[in-house]
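Notes to accompany the following structure.
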Amino acid sequence: MNEVTRCRLIGALLLSFVFLCSSWSQTADSRRTIDLSGVWNFALDPQEKGEQERFWDMSLPEEVVLPGTTDSNKKGIANTNKSETTYLSRYYKYEGAAWYSRNIEIPADWKGKHIVLFLERTRPSTVWIDGQEVGKNNYLSTPQEYDLTHFLTPGSHKLTIRIDNGKSIPKQIRSSSHACTESTQTNWNGIIGRIELQAMNPLFIESIQTFPSVADRSVKVKITLSKEHGINGKQIRLSAAAFNSSRKHKVKATEYALKEGCKEYEFVYQLGSKALFWSDLQPALYQLKAEINGIDERTVRFGLRDFKAEQTHFTINGAKTFLRGKHDACVFPLTGYTAMDLEQWRRYFRICKEYGLNHCRFHSWCPPAACFEAADLEGIYLQPELPIWGGFKKESAELMDFLMKDGENIMREYSNHASFVLFALGNELGGDINVMKDFVNRFRSIEPRHLYTYGSNIFLGSKGHIPGEDFLVTCRVGSGEGYSTHARASFSFADAAEGGYLNNTYPNSVMNFDAALEKSPVPVIGHETGQFQTYPDYEEMKKYTGVLAPWNFEVFRDRLKKAGMLEQADDFFKASGAWSVELYRADIEMNLRSERMAGFQLLDLQDYPGQGSAYVGILNAFMDSKGLIEPKKWREFCCEVVPLLTTAKFCWTGQEIFEGNIEVANYGEHSLKGKSVSWELKTGKRSLGKGKMPAPSGLGLLTAGTIRLTLPNLEKAYKAELSLKIAGTSYRNTYPLWIYPAKKQLNTEGIVVARQLTDEVLSALKQGRKVLLMPGKEDCKEVTVGGLFQTDYWNYRMFKSICDRIKKPASPGTLGILTNPEHALFKDFPTDFHTNWQWYPIIKNSYPLILDNMPEEYRPIVQVIDNVERNHKLGLVFDLNVGGGKLLVCMADLETARNTPEGLQFYASLLEYMNSPEFKPAMSVSTESLKNLFVAGVQKEGIKVLDNISYD
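Counting in our numbering, the final residue of the sequence shown is number 2067, and the numbers go up one at a time with none missing.
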């Protein structure tokens, strides 16, 4: 029996008794601190000569304020490159060594104390006291602590710290990890968070680790003391109380005997039958205090929870749950570094909760203690990661050693937090699986409180589940034909034909991911779900009042101005944003409709300002609303209980029998047994049908029943809304349906319908006739772009670069349509000002025409929004006066689209508009100008290549 095991047994068996009447002296002053925040002396060391020239002996010439960075103190090289669009720009850039020093005064009563320098978060550092080197530390994800006990005596001393954000950090971490990347957090130099000297008695509680057990309502407490001698006859006292719940619970204090020669103890502390559980819905926390009478005390917080992977789902305290998550890339535009205070992180997670989320994954970085504390309080499940994205290889010995130590530190520092449930080795790793296994086995052996996976989307999902992983975070579950292994609904064109399900499948609410999920024996979380791009909101630029400049916004805005469309910027933003909301909804609901899906991680609820500038959020980079959707409306399809409609299509005809199933994704606290689900289909105030059925009992994805309804055949097309409500709750959902007249006929009387701009067509126009021109795609491919139904994935620049390199067709790169719903063309084709599901067959068969050579003020009837790289004026439908006649151009193959009710109705609406008095084109062009639209070359500035490490 080893000494540690013997001490644990003693701790368990020598539980002396509960001292109900014992008197404990005050230990609150046993720990003292000196706050070192404020003004420090400072010097840059770009040539790294500071150690050779003994900077610790010098009076450093400049001053900075800590906590802070070289950026916040305006130190470094002034950035004059205002053309950068890959990410936000630092006003001051610096990479290398920097020196910080100040005088410190040690109080007389610190004599004989154990003294520690605590740096909550920084880069690799070296510390000197009075010119004597104390040591080095390269922790990135956890605090750095230096034992100064033997270097400090009461009186004045000089503290000098060298911080290096250069070569001391492995290159791969510096270049791509979100701990350092310029895309978001920036590779800052400085010290952030708490900076302090801590003094304790020589005997102090070094660490407390809590291991809760829901089954017997207890917590195993592991305590390590600073020393093992001079402790005989002393006791340690444990007490705990719930502090953040409306339900109060105070646990009876218990004392345990300490044993000479033993510094590690393990106690089982019973919480009692009234113990409160922690979950995302009820995040009750306990504060545990450990005291050594009159010598030291230390407190930690924990939650009584049991988070497990059981078959295809996660469970919390025995109940099935679903992770509705977001990706976090450390986006803090004012500071360029992570928030270090509790309130900022509580705001962050409260916003997540407002939008129905209960989970957050930290892409290739680990947040600070304040984040975990906030997640504990707000009820958020966290997945931190090692600071690595890319290769994970045995031969990278220095990198692997760095990451192993970083991971061990993360386990030691943050594992008490109830919110810390999942851990991944990094993002989109490639390399040696055996090395990944070694890492996970090591972490699992020292820290059993978490579930582990080898990485988020390792090998881009191509290998599926690998033995040893407790769960998967992936975009696909192995390799397979078509979309059969996909675990999210959208992809780049580099990764999936036509970008995946949503862009290339007739709109429906039936499809799901279960066929792919069957290939995994463990829970699957969808990796980086969404990535639906919106046009930038240039009003956001005024928010950038910190260390990062929105020069990328300025470049994009200037490009649009040069293209003559700046006045449309806000419309582009609102239309693309409204459509992106619908796409996110569809992707989220597809996850919820998948019986075997365990969760998703959105990319993202908020914008990502790097990697070419990816405006993919419904919130901006500051986590502020863009005004695209209210949280209450978003929660209809993204919260713990969501009523769902499954139906084969959204577009119907009169007299058709509408059929759909009502399902309920119930991952709430309780079964809905005894409640009812009601439905109603309305157009305006007119009800077309309604009904009610019992709500299904249990948790998970459940079926309530079927709706069957014969749709009325009205003379005009109309948009209806089907609403679902769960009685006695706030849970509801709505679905749009478009209903078109049955047996619609095309009336071409008086109209020339042409597929080519021939001499005969020009002659007809010259005769004053009306012409509907739908040119063939092949006849004008040099002056058109492709038809993209969804908004472009992530951003055009990155994935066009990747597609070009790997010789695959790039996405058309557009962001949806912009139109006026009140235009006469839409009298019998109801539409919003943006793309919606009824546009699918039209847009998928479209090839918008580049109208850059038209007058600046000209606007198409249906305009297609281009990306910030090209800024083409694109026309899907537009009209012109030509040679005395009137021309309507539709850049879509309606002969193919007419095979659907909506395609036929749109075709008919064009003809009806042309035969109406409202068909009065405002712009006149010559015959020659019209011909040039279809043959003239279009010159645009080249797009700079932007690659992604995952595709190297």
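For every residue, glycine included, the Cβ atom is placed at its ideal position computed from N, Cα and C.
- For K2046, same chain residues with a beta-carbon under 7 angstroms away, outside a window of 5 residues either side, are L1872 in chain order.
- For V1336, the uninterrupted beta strand (DSSP E) segment begins and ends at S1333 to L1340.
- G1494 counts as buried, since at least 16 other C-beta atoms from the protein chains shown sit within 10 angstroms of its C-beta.
- By the criterion of a C-beta distance shorter than 6 angstroms, N1618 is surrounded in its chain by F1904 and Q1905, once the five residues flanking it on both sides are discounted.
- Per DSSP, reduced to three states, the secondary structure at V1555 is helical.
- Relative to E1864, the option among S2031, R1277 and Y1908 whose CA is nearest is S2031.
- Assignment of I1744 by DSSP, reduced to helix, strand and coil, places it in the coil class.
- By the criterion of at least three beta-carbon pairs nearer than 8 angstroms, the region 1602-1617 is not in contact with the region 1669-1677.
- Partner residues in a beta bridge of T1200, as assigned by DSSP, do not exist.
- Going by DSSP, E1493 is part of the alpha helix (DSSP H) stretching over A1484 to E1493.
- Judged by DSSP secondary structure, R1823 falls within the beta strand (DSSP E) whose first and last residues are G1815 to T1825.
- Taking a 10 Å sphere around the C-beta of V1886, we find 16 or more other C-beta atoms and assign the residue as buried.
- DSSP links K1374 through a beta bridge to no other residue.
- By the CB criterion at 9 angstroms, W1155 and V1180 fall inside the cutoff.
- The beta carbon of N1432 lies closer than 7 angstroms to those of V1329, F1392, S1394, R1420 and D1421 in the same chain, with the five residues before and after it left out.
- The C-beta distance from V1992 to V2040 rounds to 16 angstroms, too long to fall under 8 angstroms, and the pair is not in contact.
- If you draw a straight line from the Cα of C1475 to the Cα of G1246, it comes to about 44 angstroms.
- For A1512, the secondary structure class from DSSP, reduced to helix, strand or coil, is helix.
- Shown here, V1670 sits in a helix according to DSSP, grouped into three states.
- Between Q1953 and P1963, the CB-CB gap reaches or exceeds 9 angstroms.
- Per DSSP, P1856 is not a residue of any beta strand (DSSP E), being assigned neither H nor E.
- For N1316, no beta strand (DSSP E) run applies, since DSSP gives it neither H nor E.
- Taking S1152 as the centre and dropping the five residues before and after it, the same chain places the C-beta of L1181, P1182 and I1310 closer than 7 angstroms to its C-beta, in chain order.
- In the structure shown, K1657 adopts helical secondary structure according to DSSP, grouped into three states.
- R1591: not part of any beta strand (DSSP E); DSSP gives it neither H nor E.
- Between I1244 and L1203, the C-beta spacing is not below 9 angstroms.
- Take K1335, set aside five residues on each side of it, and the residues of its chain with a beta-carbon closer than 6 angstroms to its own are F1326 and V1383, in chain order.
- Between N1627 and R1708, the gap from beta carbon to beta carbon is short of 9 angstroms.
- Residue environment analysis places R1439 among the buried positions, since at least 16 neighbouring C-beta atoms fall within 10 angstroms of its C-beta.
- The alpha-carbon of V1536 is positioned some 37 angstroms away from that of K1228.
- The count of Cβ pairs closer than 8 angstroms, one atom from the region 1457-1464 and one from the region 1233-1241, stays below three, leaving the stretches out of contact.
- Counting along the chain, the unbroken beta strand (DSSP E) around P1758 starts and ends at V1756 to T1761.
- Annotation for I1958: G1902 and F1904 place their beta carbon closer than 6 angstroms to its own, counting only its chain and skipping 5 residues before and after.
- With a cutoff of 9 angstroms on beta-carbon distance, G1928 and Y1955 are scored as not near each other.
- Between the region 1766-1776 and the region 1738-1755 there are fewer than three inter-stretch CB-CB distances shorter than 8 angstroms, so the stretches are not counted as touching.
- The residues V1900, T1929, P1963, L1964, I1965, L1966, P1975, Q1978, V1979, I1980 and D1981, in chain order, have a CB closer than 8 angstroms to that of L1989 in the same chain once the five nearest residues on each side in sequence are set aside.
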